[in-house]
Structures are given as C-alpha cells and as structure tokens.
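Visitor:
In the working numbering, the protein residues as written are 14 to 113.
#1: Residue range of the alpha helix (DSSP H) that residue 71 falls in?
#2: To the nearest angstrom, how far is the alpha carbon of residue 32 from that of residue 45?
#3: Here's the rule I'm using: 16 or more other beta-carbon atoms within 10 Å means buried, otherwise exposed. How should residue 60 be labelled?
#4: Less than 6 Å between C-beta atoms, sequence neighbours within five positions excluded: which residues of the same chain meet that for residue 15?
#5: If you draw a straight line from the alpha carbon of residue 85 to that of residue 22, how long is it in whole angstroms?
#6: Can you find the residues in the same chain that come closer than 8 Å, C-beta to C-beta, to residue 95, ignoring five residues on each side of it along the sequence?
Given below as structure tokens:
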C-alpha cells in the first residue's frame with residue numbers, strides 16, 4: 014500500500030474520510046497510517062472508506078486543513094519492527110506547535 018493515492022470523500026472540522034480501493038487497507042481501527050506525511054489513527058473503517066480524527070493543531074500546522082472532497086492523498090502503512098528498514102518510520106503525532 015505504500016504510495017497509494019486515494020481521494021478524500023468528506024471533511025469536517027475534526028475528521029476526514031478517505032475512499033479506499035476495496036481491500037487495499039488491511040489495517041484495523043486504532044492503527045496508524047501516514048497520510049501526506051502526517052501520522053493519523055483510523056477511527057472507523059468500512060470496506061470502501063477509512064475515517065481519521067484530527068486535532069486542531071494538526072489541521073492548523075499541516076496541509077490536512079486544506080483538504081476538500083475530491084483531494085487526492087497519499088497513504089502509507091506504518092513500518093513494523095520486523096520489516097526491512099527501507100521505508101518511513103511513524104515518528105509520532107502532532108501534539109502542539111512551537112514558537113521560536
């Protein structure tokens with residue numbers, strides 16, 4: 014699934030839903046997925062959609078705040094500790110923004 018480009022179906026102030034190609038996302042609710050470089054957690058999932066909750070700091074400091082229905086996004090699964098180290102690491106979630 015690395016590099017799969019999918020389409021945003023719906024956005025709200027605190028969630029967004031991505032349309033899935035059936036059976037491309039084998040992860041379950043609670044798993045982390047990187048979307049356009051932002052690590053998010055699946056909160057609901059069907060065979061054709063996955064929904065992610067987003068915090069206000071994430072919306073304000075990433076391009077997720079610009080998503081509209083029809084926006085194409087890149088999804089990547091988190092790398093397992095047993096996988097070969099040739100992909101991205103899920104380093105964490107946006108907790109807050111910093112000022113200099």
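Glycine included, every Cβ here is placed at the ideal spot set by N, Cα and C.
Small disclaimer: the values here were computed from a predicted structure and weren't measured.
Guide: With the given structure in hand:
#1: Element bounds for residue 71: 69-74.
#2: Distance between the alpha carbons of residue 32 and residue 45 is about 17 Å.
#3: exposed
#4: Reliability of the predicted coordinates at residue 15 is poor, the pLDDT of 44 falling under 50, and the value obtained from them is presented with this limitation in mind. Within the same chain, residue 15 has close Cβ partners 89.
#5: 10 Å
#6: Exclusion of the five residues before and after residue 95 leaves no residue of its chain whose Cβ lies closer than 8 Å to its Cβ.
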